[in-house]
Amino acid sequence: MIIDLTVENFLSIKDEQLFSLHADKNLNHLSDNLAYLDTKFATVKSVAIIGGNASGKTNLLFAIRSIRYIVGNTHKFDKDDVINCYDPYLLSDDTKNAPTKLSIEFWVKKVRYQYTIHFDKQNIYFESLYYFITSKSSKIFERTSPDNWKENEGITFGARYKGGRKQFAYYPNMSYLSVAGSNPESPEMLKTVYDFFRENVIFGSESSVVDWEKDEQASLAMKTLMHSVDLGIEDFRFEDVELSEKQLEMIDSVPAQVRDHFLQSISKEVIFSHMHENGTAIEIENTLESKGTMRLFSNFPIVMSALKNGNILIIDEIESSYHAHVVELLIKIFQDPEININNAQLIFSTHAFQIIKSNFMRKDQVWLAEKNNGATNYSSLEQYDSTLRDNSPFDKWYDEGRLGGIPSIDYHSISEVLKAIVSGGEYAAE
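1 is the number of the first residue of the sequence shown in the UniProt record's numbering; add one for each residue after it.
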């Protein structure tokens, strides 16, 4: 689970911003929404980032994806490859060429870690991994040079970092965690952290679960869901699709490590059954189903996999094609302690302020994104003054603009320019 994320100089984020999923207040309030690293250290199981269009609410999700990309891929880099997730804040001369700084605190296999990396397009200037035995952190490694990989010069190791090979050569654009974690000779501790980013952090837009329908329990769960959310679907089945020569040629160009996965995903289609008024089941092609139905059908196997494996599931604009009640259902599933027994975590951005109800979400589960002079700032409802209580109507106050995070719309200017266009006149900007 993710505990904290700190981001500086990345996309619309200029100054350091802390996005915390750590819960340390009113732990008895909506306690089912919390997971515990130990008897005292709690983390929220789900968190919403809310804001208007272009407010930067998605950029925290992009920051997590960038860390995953660097850890999972740079060990394969040649020396001239660029770190293509380097996207600094461009609206200031102080930042447009400066390193991006990312730090993430998380726990995996009951151990708490903190990973930090500073980088630009060509170089990783600083990188470290610490873990917490008690409340105090202990060093696993710390890198302070892009290209000096010699021990006690460009990189140092902690005394507890044992059990395998530690020193590896790397180019300036390669993460030490990526290089060492992907090597079978490295200590198990490092491989655990490497696998956490590669396997446990998943994005709904990028992920799929192949052959889930062959699992009888998964198929039963999917049928129950599709029937229970009132979509009018009684059943479904998969049908093999004959691929064209062009599709087969395209498959040959897909990287070998994902080719089988890609082939299975396009070689079958789902057929849904709806109940006819005479009581018989009628099959309907999926092209006639709504986008919401198809997205729910596509995403729910990912949800089931995340719950089963204790993954972190990240979804941008979760309400897209979904009714707010279905969004609420997905969040409720992650917050149900009888379902989410493996401490899976849901992190999402949304415009759907209707779901931020005080009887459903804690204040530390709701973060608002808002721009100030072009730069995004983030704040949790937990940071507001004492007038915002645990039982305050979060959704109503947000809609009224009392919490910020809503777009500022100049209707007068919009209406004036549209009237000029429609009438064939001229518009003079004020």
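For every residue, glycine included, the Cβ atom is placed at its ideal position computed from N, Cα and C. Please read these numbers as outputs of a predicted model, since none were measured by experiment.
Could you pull out every residue in the same chain whose Cβ sits closer than 6 Å to the Cβ of residue i, ignoring the five residues on either side in sequence?
i           : result
residue 70  : 175
residue 441 : Residue 441 is absent from the model: the chain starts at 1 and stops at 430.
residue 82  : 121
residue 158 : 138, 139, 140
residue 151 : 167
residue 418 : none
residue 23  : 34, 42, 44, 364
residue 226 : 233
residue 190 : 180, 181
residue 203 : 314
Identify every residue that forms a DSSP beta bridge with residue i.
i           : result
residue 18  : 6
residue 114 : 105, 130
residue 432 : With the chain covering 1 to 430 only, the question about residue 432 has no answer from this structure.
residue 182 : In DSSP, residue 182 forms no bridge with anything.
residue 139 : 130
residue 201 : 312
residue 156 : 142
residue 240 : 268
residue 302 : DSSP lists no partner for residue 302.
residue 151 : 155
residue 221 : Its beta-bridge partners do not exist; DSSP assigns none.
residue 13  : 10
residue 168 : Partner(s): none; residue 168 has no beta bridge.
Going by the CB atoms, is the gap between residue j and residue i shorter than 9 Å?
i           : j           : result
residue 1   : residue 30  : no
residue 13  : residue 43  : no
residue 102 : residue 67  : yes
residue 142 : residue 153 : no
residue 331 : residue 201 : no
residue 138 : residue 160 : yes
residue 171 : residue 375 : no
residue 282 : residue 307 : no
residue 199 : residue 309 : yes
residue 192 : residue 109 : yes
residue 85  : residue 106 : no
residue 268 : residue 241 : yes
residue 37  : residue 19  : no
residue 378 : residue 91  : no
residue 316 : residue 134 : no
residue 391 : residue 359 : yes
residue 9   : residue 144 : no
residue 77  : residue 100 : no
Counting only the same chain and skipping the five closest in sequence on each side, list residues whose C-beta sits under 7 Å from that of residue i.
i           : result
residue 284 : 272, 274
residue 27  : 34, 42
residue 352 : 319, 324, 327
residue 146 : 123, 124, 125, 172
residue 129 : 113, 115, 140, 141, 177, 193
residue 148 : 154
residue 93  : none
residue 98  : 9, 88
Please work out which residues of its chain come closer than 8 Å, Cβ to Cβ, to residue i, disregarding the five sequence neighbours upstream and downstream, and give them in chain order.
i           : result
residue 336 : 32
residue 432 : The structure shown has nothing for residue 432, since the chain only spans 1 to 430.
residue 333 : 303, 307, 339, 340
residue 205 : 315, 316
residue 16  : 6, 7, 8, 101
Consider the C-beta atom of residue i and the heavy atoms of the ligand GDP; say whether any pair is separated by less than 8 Å.
i           : result
residue 225 : Although the ligand GDP was asked about, the structure shown includes no ligands whatsoever.
Does the contact criterion of 3 or more C-beta pairs under 8 Å hold for the segment 183-196 versus the segment 157-170? Taking a cut-off of 8 Å for Cβ pairs, the segment 183-196 and the segment 157-170 touch, as three or more such pairs fall below it.
Note down, one range per segment and in chain order, each alpha helix (DSSP H) of at least 4 residues found wholly within the segment 315-389. The segment 315-389 contains these whole alpha helix (DSSP H) runs: 324-335.
With a floor of 4 residues, list each alpha helix (DSSP H) that falls wholly inside the segment 28-99, ordered by position along the chain. The DSSP assignment places complete alpha helix (DSSP H) segments of no fewer than 4 residues inside the segment 28-99 at 59-73, in order along the chain.
Do the segment 44-51 and the segment 296-306 make contact, defined as three or more Cβ pairs closer than 8 Å? No, the segment 44-51 does not touch the segment 296-306.
Are the segment 229-243 and the segment 346-364 touching by the rule of at least three beta carbon pairs closer than 8 Å? Because the criterion of three Cβ pairs below 8 Å is not met, the segment 229-243 and the segment 346-364 do not touch.
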